[in-house]
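Heads up: the sequence shown begins at -17 in the working numbering, then just goes up one per residue.
Read through the structure below, which is laid out as structure tokens, and then see the notes.
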Amino acid sequence: MEFRVGLFLLVVIVTMVGVIIYVGIKKDLFADRVTYYVVSKTGENIERGIPVRLSGFRIGNVEQVHLDNIGYIKVELEILAKYQKWFRKDSKIILDQEGIIGNSYFKLIPGSDGSPLLPEGSTITLSKVAGLSELIQEAEPVIQNLKEIVANIRTITDNVIDKNGHVQSVLANAEEITRLILQNRGLLYYLTQDPRPVQSMDAILAKTEHAVGNIDLLVQNTTHRVDDLQPIQDELILTLQEGQKFIKGLESLRKELAPTLANVQAISADVKNATTNLVELRRQSEYTMRLGTELLQRLKETWPFARKILQEEPAYPAP
């Protein structure tokens, strides 16, 4: 009997130890840990046991909090060794809060992959304190500005309501000036009530219309004068066309003169070389003279040397 009781107690103890070991493994109670330190200017909302999280997962917790120097708090963090790879030289830690009135926790912002690992026992400066206190700190300057704006509005309203204030004095003076202007019928009355300005403007507009009519008449007369110059322009164009024809005639005469000059050169050569055939030389000379006579006759018939010829000279046959 005693053996059975002892065996039962042994089984219960072994089971309890197994459960504890299992739970400890699941909760990382027996996992290796590394230590880091965080330096903060305030110890508000920082206490032993608050978690350290990375992307919402718990990777460690606050082990100790103590006053390092005057105005500085040093917090000891115990981090699971398997998460040590996220602690790098450019990593940051902020104190965040779950919601507006939730519990505080440290939030790790991992560094870049190219940054070296942060060795165990290193110290990290707390970047900022998030949560409700941070919102209050950011809202304090805005609230202060709103207070100043409300105070200024209150002062302006009091000045407007005050019967002896500057605003009431300005309004009273403006009312008095308006009354005096209307009573004395000054410039304002002349511009707003007197019909004479309207009549003067009507007269000015009538004169303006008359001046515009005169300008239209002047433009029409100028157009007629331009039309009178059209015959002169046509005559100039005709003269230019005749000049172009004359130049073309001179070019054709120049082309026809070329063979005559060639014949003259040939005759000169014959005079130098031939001494016996005088009859042939005479015939060539007569032919050359006839060509020269015809050339002069055509030159006379060309503009502007054209003349009426009473009778045509007889054509001479070529030698």
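Beta carbons: idealized from backbone N, C-alpha and C, even for Gly.
These numbers were taken from a predicted model, which means no experiment stands behind them.
Original post:
Among LEU108, LYS89, MET(-17), which one has its Cα closest to the Cα of TYR54?
Top reply: LEU108
Original post:
Touching or not, the region 33 to 40 and the region 123 to 132, by the rule of three or more beta carbon pairs under 8 Å?
Top reply: no
Original post:
Is VAL16 buried or exposed, if buried means 16 or more other CB atoms sit within 10 Å of its CB?
Top reply: buried
Subject >> Bridge partner(s) assigned by DSSP for LYS22 >> reply: In the sequence on display, residue 22 carries Ser and not Lys. Answer by DSSP bridge pairing, in chain order: ILE55.
Original post:
Which class does GLU158 belong to by DSSP, given the choice of helix, strand or coil?
Top reply: helix
**OP:** Give me whichever residues DSSP pairs with PHE88 in a beta bridge.
**Re:** VAL34, LEU77
Original post:
Within this structure, are the beta carbons of VAL47 and VAL57 separated by less than 7 Å?
Top reply: yes
Original post:
How about LYS89 and ILE76: do their beta carbons lie closer than 7 Å?
Top reply: yes
Original post:
How about ASN31 and ILE61: are their beta carbons less than 7 Å apart?
Top reply: Here residue 31 turns out to be Gly, not Asn, going by the sequence shown. No, they are not a contact pair.
Original post:
Just the Cα atoms here: how many angstroms apart are GLY103 and THR137?
Top reply: 59 Å
**OP:** Under 7 Å Cβ to Cβ from LEU49, same chain only, skipping five residues before and after it: list those, please.
**Re:** ILE55
**OP:** Mind reading off the beta-carbon distance from HIS148 to ASN141? Whole number of angstroms is fine, and I expect it under 8 Å.
**Re:** 6 Å
Original post:
Would DSSP call ILE106 helix, strand or coil?
Top reply: strand
**OP:** Could you tell me whether the Cβ atoms of LYS74 and PRO98 are closer together than 7 Å?
**Re:** no
Original post:
CB-CB under 6 Å to VAL253, same chain, minus the five flanking residues each way: which ones, in chain order?
Top reply: Model confidence at VAL253 stands at a pLDDT of 46, short of 50, so the residue's coordinates are unreliable and nothing is read from them.
Original post:
How is GLU29 classed by DSSP in three states: helix, strand or coil?
Top reply: coil
**OP:** Keeping to the same chain, check which residues put their C-beta closer than 8 Å to that of LYS309; ignore five residues upstream and five downstream.
**Re:** In the structure displayed, the chain extends from -17 to 301; residue 309 sits before or after that span and is not available.
Original post:
To which residues does DSSP link LEU62 through a beta bridge?
Top reply: ARG15
**OP:** Flag this pair as yes or no: are the beta carbons of TRP68 and PRO92 separated by less than 7 Å?
**Re:** yes
Subject >> Distance between beta carbons of SER86 and ILE28, contact taken as under 8 Å >> reply: 7 Å
Original post:
Sorted by chain position, which residues of the same chain lie with C-beta nearer than 8 Å to ALA63's C-beta, five sequence neighbours on each side aside?
Top reply: ALA13, ASP14, ARG15, VAL16
Subject >> Exposed unless 16 or more other CB atoms sit within 10 angstroms - verdict on LEU322 >> reply: Outside the shown range of the chain, which is -17 to 301, sits residue 322, and nothing can be said about it.
Subject >> Per-residue DSSP class, three states only, for ASP95 >> reply: coil
Original post:
Excluding five sequence neighbours on each side, which residues of the same chain lie with their C-beta closer than 8 Å to the C-beta of TYR19?
Top reply: LYS56, VAL57, GLU58, LEU59, GLY103, SER104, THR105, ILE106
Original post:
Would you report the Cα separation of ILE135 and ASP78, rounded to the nearest angstrom?
Top reply: 38 Å
Subject >> Contact set for LYS110: own chain, Cβ-Cβ below 6 Å, skip 5 residues either direction >> reply: ILE76
Original post:
If you draw a straight line from the alpha carbon of ILE143 to that of SER151, how long is it in whole angstroms?
Top reply: 11 Å
Original post:
Does DSSP classify ASN43 as helix, strand or coil?
Top reply: strand
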